[in-house]
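Take a look at the structure below.
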Amino acid sequence: GAAVEVCVGEQVYDVAWYPLMSSYDRSTSCFLETARDHPVHLRDAFDGSIRCSYAPHDRMDELSVAMSVAFSADGQRVICGSKKTLRIFDAARPGSAHTHFATVDKRYKRNGLQGIVSTLHDDPSGSGLCAAGCTSNAVAVYDKNGELVCSMAPPRPGTGVTKVMFAPSGSCVFSASRRGNALHCWDLRNPALGPLMSFARDADTNQRIAFDVHVSGARVVSGCKSGKALLYSLASGDLEASVSCHADTLSSVSFHPLLPVLATGSGHRYFGMGDEEGDGSPCADVGSSAMSAASIEYEGLLNSIACWRFVTQ
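Residue numbers (our numbering): 205 to 517.
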């Protein structure tokens, strides 16, 4: 079973580990979580208890729920994303005191993020830049003062950016969109030229399908709807490996920062097509049969986590 199980009480929007986390130092073993109608909580990773809370409020002094959260690379700031707004807290000062910035360029209303900020990532190289993606299928990069550095529009199709991530060097940003069958890499030195590279993946689904960039900056791995882990070389853009890891959608992937280990997670939500009470109609019978067959075939196999050892040449 799980080492720690936290009951939040509402739908969880996002979580983020403390970037300097070490299991040997309990004071650093913590993570952020944000849920519907709740402030952002900093929780202990050993028992799930709340250490402190960050409560973003709007001009009417009402709680502005964060749809995405992230730590700065040094762990000193908590960054929260909501509709057209970024809110930044001092990690050492929980409460409601914070600074906020509009994600839309004040001079040129076309630039920036027009929708809900759905994903955030701070530059691990320490430049102070923060990448953000939104539900209007746009990506933008902001400096630590909230000024817009650049914005990018991922090629269609795509119905909202689900994840953004800096390369370890900080020179590139990766983005993935819901129902988008490609992972895009943007060169921040000239983002107007469009994606520097694109990596194909089978992701024509409404659920989020994650990706991860290796700490060396040499490879990127992505999940896909068919349950495969796709490993691409960032030097050549070629597919190095395609491994069938799960019998269902591979929605989560993560490289170990020190060891040659890859963690994967799978799961997909299934719906019955018929009436629950069963009115005798063909549609209800077909739906019930399909749901029963799916439950029997995939019981215990859908929502699973696995660790894989990989060897690079």
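Yeah, the Cβ is synthetic: ideal placement off N, Cα and C, and Gly gets one too.
**Message:** Can you tell me whether Gly213 is buried or exposed? The criterion is at least 16 other CB atoms within 10 Å of its CB, across all chains shown.
**Reply:** Here residue 213 refers to the residue found at position 9 of the sequence shown. Exposed, by the Cβ-count rule.
**Range covered by the beta strand (DSSP E) that runs through Cys284** = What you label residue 284 is simply residue 80 of the sequence shown in a count that begins at 1. Counting along the chain, the beta strand (DSSP E) containing Cys284 begins and ends at 281-286.
**Request:** Look at the alpha carbon of Pro486 and the alpha carbon of Ala407, and state the distance between them as a whole number of angstroms.
**Result:** Within the sequence shown, residue 486 is the residue found at index 282, counting from 1. Within the sequence shown, residue 407 is the residue found at index 203, counting from 1. Confidence at Pro486 is low in this model, with a pLDDT of 34, below 50, so the placement of that residue is unreliable and no value is reported for it.
**Item:** Candidates Cys428, Ser446, His418, Tyr436, of which the one nearest Leu454 by Cα
**Value:** Counting from 1 along the sequence shown, the entry for residue 454 is found at position 250. Comparing Cα-Cα distances from Leu454 to each of Cys428, Ser446, His418, Tyr436, the minimum goes to Cys428.
**Backbone secondary structure at Thr468 - three-state DSSP** = Within the sequence shown, residue 468 is the residue found at index 264, counting from 1. Strand.
**Message:** Rounding to the nearest angstrom, what Cα-Cα distance links Leu400 and Leu324 in this structure?
**Reply:** As a working note, residue 400 is residue 196 in the sequence shown. As a working note, residue 324 is residue 120 in the sequence shown. So the alpha carbons of these two residues sit roughly 20 Å apart.
**Prompt:** In the DSSP assignment, what are the bridge partners of Arg154?
**Reply:** Since the displayed the chain opens at 205 and closes at 517, residue 154 lies outside it and no answer follows.
**Asked** Do Phe305 and Leu317 have their CB atoms nearer than 8 Å?
**Response** Mapped onto the sequence shown, residue 305 falls at position 101. Mapped onto the sequence shown, residue 317 falls at position 113. Against a cut-off of 8 Å, the Cβ pair of Leu317 and Phe305 comes out as no contact.
**Residue environment, Met264, which counts as buried when at least 16 other CB atoms sit within 10 Å** = In the sequence shown, counting from the first residue as 1, residue 264 sits at position 60. Met264 should be labelled exposed.
**Asked** Where does Thr238 fall in DSSP's three states?
**Response** Stepping through the sequence shown from its first residue, residue 238 is reached at position 34. It is a strand residue.
**Asked** Given Asp189, which residues of its chain have a CB within under 8 Å of its CB, disregarding the five upstream and five downstream residues?
**Response** One cannot answer for residue 189 here, as it falls past the ends of the chain, which runs 205 to 517.
**Request:** Measure the Cβ-Cβ separation of Val343 and Val321 and say whether it is below 8 Å.
**Result:** Start at 1 with the first residue of the sequence shown, and residue 343 comes out as number 139. Start at 1 with the first residue of the sequence shown, and residue 321 comes out as number 117. No.
**Prompt:** By how many angstroms is the C-alpha of Ser268 removed from the C-alpha of Arg247?
**Reply:** Here residue 247 refers to the residue found at position 43 of the sequence shown. Here residue 268 refers to the residue found at position 64 of the sequence shown. Spanning the two alpha carbons is a distance of roughly 20 Å.
**Request:** Could you tell me the boundaries of the beta strand (DSSP E) in which Val216 lies?
**Result:** Counting from 1 along the sequence shown, the entry for residue 216 is found at position 12. Here the beta strand (DSSP E) through Val216 covers 216-221.
**Request:** Would you mind sorting Pro359 into buried or exposed? The rule is 16 or more other CB atoms within 10 Å of its CB.
**Result:** Position 155 of the sequence shown, counted from the start, is the residue given in the question as residue 359. Flag for Pro359 reads exposed.
**Message:** Just to confirm before moving on: does the CB-CB distance between Gly285 and Ala295 stay below 8 Å?
**Reply:** As a working mapping, residue 285 is identified with position 81 in the sequence shown. As a working mapping, residue 295 is identified with position 91 in the sequence shown. No, they are not a contact pair.
**Message:** Quick test of your reading: Ser456 and Ala414, contact by CB under 8 Å. State the CB separation rounded to the nearest angstrom.
**Reply:** Residue mapping note: residue 456 aligns to position 252 of the sequence shown, counting from 1. Residue mapping note: residue 414 aligns to position 210 of the sequence shown, counting from 1. Contact holds; Cβ gap of about 5 Å.
**Request:** Can you tell me the Cβ-Cβ gap for Val417 and Tyr436, rounded? I've got them flagged as a contact below 8 Å.
**Result:** For this step, residue 417 is matched to residue 213 along the sequence shown. For this step, residue 436 is matched to residue 232 along the sequence shown. With a Cβ gap of about 10 Å, Val417 and Tyr436 do not count as contacting.
**Inter-residue Cα distance where the pair is Arg513 and Val465** = Translated into positions along the sequence shown, residue 513 becomes position 309. Translated into positions along the sequence shown, residue 465 becomes position 261. Going from the Cα of Arg513 to the Cα of Val465 covers about 5 Å.
**Item:** Sub-8 Å separation of Glu237 and Val216 beta-carbons
**Value:** On the sequence shown, residue 237 is found 33 positions in, with the first residue counted as 1. On the sequence shown, residue 216 is found 12 positions in, with the first residue counted as 1. It is a contact, given that the beta carbons lie within the stated cut-off.
**Prompt:** According to the Cβ coordinates, are Leu387 and Ser426 closer than 8 Å?
**Reply:** For the purposes of this step, residue 387 is taken as residue 183 along the sequence shown, with counting starting at 1. For the purposes of this step, residue 426 is taken as residue 222 along the sequence shown, with counting starting at 1. Yes, Cβ-Cβ distance for Leu387 and Ser426 is below 8 Å.
**Prompt:** Cα separation between Ala396 and Ser355?
**Reply:** Within the sequence shown, residue 396 is the residue found at index 192, counting from 1. Within the sequence shown, residue 355 is the residue found at index 151, counting from 1. Taking the straight line from one Cα to the other gives about 8 Å.
**Asked** Name the DSSP bridge partner or partners of Val343?
**Response** Mapped onto the sequence shown, residue 343 falls at position 139. Val343 pairs with Gly337, Met356.
**Prompt:** In the DSSP assignment, what residue or residues form a beta bridge with Asp265?
**Reply:** Mapped onto the sequence shown, residue 265 falls at position 61. DSSP, once it has assigned bridges, lists no residue as partnering Asp265.
**Item:** Beta-carbon proximity check, Ser257 vs Pro243, cutoff 8 Å
**Value:** Position 53 of the sequence shown, counting from 1, holds the residue named residue 257. Position 39 of the sequence shown, counting from 1, holds the residue named residue 243. Yes, Cβ-Cβ distance for Ser257 and Pro243 is below 8 Å.
**Asked** Helix, strand or coil: which one does DSSP assign to Ala396?
**Response** Here the question's residue 396 lines up with position 192 in the sequence shown. Three-state result, Ala396: helix.
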